[in-house]
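Worksheet: one structure, shown below.
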Amino acid sequence: MSLTETTYWVVGASFALYIIIAIRARAGSTQEFYVAGGGIHPVANGMATAADWMSAASFISMAGLIGLSYNGYGGSVFLMGWTGGYVILAMLIAPYLRKYGKFTVPEFIGDRYYSSAARVVAVICLIICSVTYVIGQMKGIGVAFSRFLETDYETGLLSGMVIVFFYAVLGGMKGITYTQIAQFCVLIFAYTVPAIFISLQLTGQPIPQLGLGSTLADGTYLLHKLDQILLDLGFQEYTTSVRGSTLNMAAFTASLMIGTAGLPHVIIRFFTVPTVRAARTSAGWALVFIAILYTTAPAVAAMARLNIIQTLQPEPGQHLAINERPAWFKNWEQTGLLGIEDKNADGLIQYSADPVTNELVTLDNDILVLANPEIANLPNWVIALVAAGGLAAALSTAAGLLLAISSAISHDLLKRTFMPAISERQELMASRLAMAAAVLGAGYLGLNPPGFAAGTVALAFGLAAASLFPALLLGIFSKRVTREGAILGMLAGIGVTLAYVFQHKGIMFIPGTSFLGDLPPNWFLGIEPNGFGVVGALVNFAVALGVTRITSPPPDSVRELVDDIRVPVSPRAI
Amino acid sequence: MEQPQSDARRRIYWRENLRWMAIFGTIWFAVSLGCGVLWVEPLNQIQMGGFKLGFWFAQQGAIYTFIVLIFAYARVMARLEERLGLEEPDE
């Protein structure tokens, strides 16, 4: 069976599984549609959260970002940032919002800050964060289809939309939860199998996390060898190359951490477990399942980088001849992810850090994960599995984001703000229509990506960190912060973050409109735009606390609400 | 008589909760932004198997510690709830 046929079978089987689950998990009430009935087991919710969390970016791009763009150590910002947020979530956010026990994040902000205006501002912040995020997933679906199934991008994207439409509109959170569990199994299997093989081949150690610190066949440590080779080629050392400055690394890491704890599609997953206690352990399980991929990724990054360099340069000074390059190399050249140019016309490929003489002119980040099975000579079914895994990662995250968007529209805007008189049946219908509209809207943006679509996933974290996270944290840990403080804080936080990103990357990312230029010397304290969320969050805190001092205190009912959510049982129940 | 007692228990619960958060939060900061970023250079002088120690914290150790922290926090909070009679009924 050819590779394409195998891939069709594996991907087709995974899609059939998602559809069967969707038919069996239809939502019959708004409670099932928004929070899956609230009775999901913490381990099951942990698995669903992991799939919800790990997007196409985590699955396809992250190892390459670490291994190539960020040259090793610099990529640690993603590893620590995208996992450390769960500790904040488990201690500072999830238990209290679970105790609050309603359906959405803006709903909490509206009640805590006794104001429909606060709820609407939270909905706007939620939609800005989630839409920038979902565009990346839609692109991921289209790209995965077109690379592995040889369809064009549009066909791939439409197929993905049909699947998401089917289970998200029908099942809401209930359908999404059970499909995400299946998608987690597919994606984690697909990620770890090639990693185990590549680790075995290089170090003889089947566990990639240990293989990263093991010795190669020649007796030298893998990381020492990689450091040495990269230094010889003119790069920085793999294990010590800092991204920007220490302050930039710290700010970037912190932005991703608090962004994680402020992203609504993650928070609402903790509304689906039965108790406050379950919300805490569920965050732990989510991180266990996420860590399987996140501790494997740095091993894949280093090992695949070494493999590629050693393919090009088996011994120092010895270079691969262009007409002897392996089949996988030619295959990935056709997709535009790899590109060579024989600048000195000697028929050999010279790879180096110097852009003038480097002849491997294109080396896309995604190649590290996508081409890994072929580089390691793994059988076709493993390559097919990577395709199914990438799609599972993109579909599960897209569905979670779409639910966050549609429930904000049907529940917070319609039911709680503009049409409070509608019945539950009407609201369920409205939530299905909002979901359908969100899927179509995301599909449209995926087909006609606005100029800023590339690289916006990290931006979504900065925006969540600067807008929703401080409002939630202050809402739980302070009884004094007022609605005026929270509203102005959210607007200031998201405003200053967007302004910083726009002034360096262009207004709405249109090239040429960046009035300060995307140049490190102009960065505030040397912090790059993607890492600016933590500064936006500090602005948000400062404005919220400052305005609180000059506005009249919240009503007693708010103080009672805060007292109530802080403890797992309500006063009357004791 | 019942009401003030339960109010007092709720206050103790919250104070203890803040204390545990401070303890676990400090460890959280130390293993990630501390060992992984701020103190990475001195730690890299120490070699642990094939890893420089600072690099290991940044790419492996911090993540393992995070998992332990969450389960440890969940456990102390569950015990605290039991001790103060504030645990939720099982569903």
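Sequence order for the protein chains is C and G.
Residue numbers for the first sequence follow the numbering used here, so the first one is 1289 and each next one is one higher.
Residue numbers for the second sequence follow the numbering used here, so the first one is 1262 and each next one is one higher.
Where a beta carbon is used, it is the ideal one built from N, C-alpha and C, also for glycine.
Being a predicted model, the structure only gives us computed values, none of them experimental.
Would you say residue i and residue j are within 8 Å of each other, going by their C-beta atoms?
i, j, result
"A1483/C", "V1588/C", "yes"
"F1285/G", "L1330/G", "yes"
"T1839/C", "E1772/C", "yes"
"A1344/C", "G1678/C", "yes"
"G1459/C", "H1553/C", "no"
"S1529/C", "Y1361/C", "yes"
"F1436/C", "T1295/C", "yes"
"V1474/C", "A1680/C", "yes"
"L1514/C", "A1590/C", "yes"
"Y1358/C", "T1467/C", "no"
"G1729/C", "N1818/C", "no"
"V1586/C", "L1353/C", "Looking at the sequence itself, residue 1586/C is Pro, so the reference to Val does not match. For P1586/C and L1353/C, no; Cβs fall outside 8 Å."
"A1339/G", "R1565/C", "yes"
Taking 7 Å as the limit between beta carbons, can you name the residues of its chain near residue i, skipping five residues before and five after?
i, result
"F1303/C", "I1451"
"M1262/G", "Bear in mind that the predicted position of M1262/G carries a pLDDT of just 40, short of 50, making it unreliable; the figure below should be weighed with that in mind. Correct list: empty, nothing qualifies."
"S1695/C", "Y1322, F1391, T1392, S1719"
"A1748/C", "C1417, T1420, Y1421"
"N1668/C", "L1291, T1294"
Hey, how far is the Cα of residue i from the Cα of residue j?
i, j, result
"V1769/C", "L1380/C", "17 Å"
"E1320/C", "K1462/C", "6 Å"
"R1407/C", "G1763/C", "13 Å"
"L1826/C", "G1781/C", "8 Å"
"D1630/C", "N1646/C", "9 Å"
"A1592/C", "A1269/G", "58 Å"
"L1625/C", "V1411/C", "38 Å"
"G1777/C", "G1398/C", "14 Å"
"D1844/C", "E1342/G", "26 Å"
"L1279/G", "L1666/C", "51 Å"
"G1448/C", "V1670/C", "21 Å"
"V1561/C", "R1854/C", "17 Å"
"T1548/C", "Y1374/C", "7 Å"
"K1427/C", "L1445/C", "7 Å"
"G1316/C", "Y1384/C", "27 Å"
"Y1526/C", "L1518/C", "7 Å"
Name the chain C residues that come within less than 8 Å of residue i, Cβ to Cβ?
i, result
"E1349/G", "T1563, V1564, R1565, P1856, V1857"
"I1284/G", "Chain C residues near I1284/G: none, gap ~11 Å exceeds 8 Å."
"R1271/G", "D1851, R1854, V1855, P1859"
Looking only at its own chain, which residues have a Cβ that is under 6 Å from the Cβ of residue i, when we skip the five neighbours before and after it?
i, result
"V1850/C", "K1767"
"G1522/C", "S1640, A1641, D1642"
"T1569/C", "P1330"
"T1337/C", "R1557, A1574"
"L1356/C", "N1653"
Could you tell me whether the Cβ of residue i comes closer than 8 Å to any Cβ of chain G?
i, result
"A1538/C", "yes"
"S1502/C", "yes"
"Q1497/C", "yes"
"A1579/C", "yes"
"V1375/C", "yes"
"S1543/C", "no"
"A1571/C", "yes"
"T1295/C", "no"
"M1379/C", "yes"
"R1613/C", "no"
"P1586/C", "yes"
"R1568/C", "yes"
Note down, in chain order, every chain C residue with its Cβ under 7 Å from the Cβ of residue i.
i, result
"E1342/G", "P1856"
"A1375/G", "The structure shown does not extend to residue 1375/G, since chain G is modelled only from 1262 to 1352, so the question has no answer here."
I want to verify the contact list: residues of chain G whose CB lies under 7 Å from the CB of residue i, in sequence order.
i, result
"Y1361/C", "F1316, A1319"
"L1863/C", "No answer is possible for residue 1863/C: the residues shown for chain C start at 1289 and end at 1862."
"T1528/C", "N1305"
"T1371/C", "I1324, F1327"
"M1368/C", "S1293, G1297, A1319, A1323"
"Y1509/C", "G1311"
"T1583/C", "Q1321, I1324"
By Cβ distance, which residues of its chain are closer than 8 Å to residue i, with the 5 residues on each side in sequence left out?
i, result
"A1724/C", "F1453, V1457"
"Q1493/C", "S1487, G1499, S1502"
"E1442/C", "G1430, L1735"
"P1859/C", "D1851, D1852"
"I1775/C", "Y1401, S1403, A1405, A1406, V1409"
Would you say residue i lies against chain C (beta-carbon separation less than 8 Å)?
i, result
"V1298/G", "yes"
"R1276/G", "no"
"L1294/G", "yes"
"I1307/G", "no"
So which residues of chain G does residue i contact, with C-beta pairs closer than 9 Å?
i, result
"T1685/C", "None at all; the shortest Cβ gap to chain G is about 20 Å."
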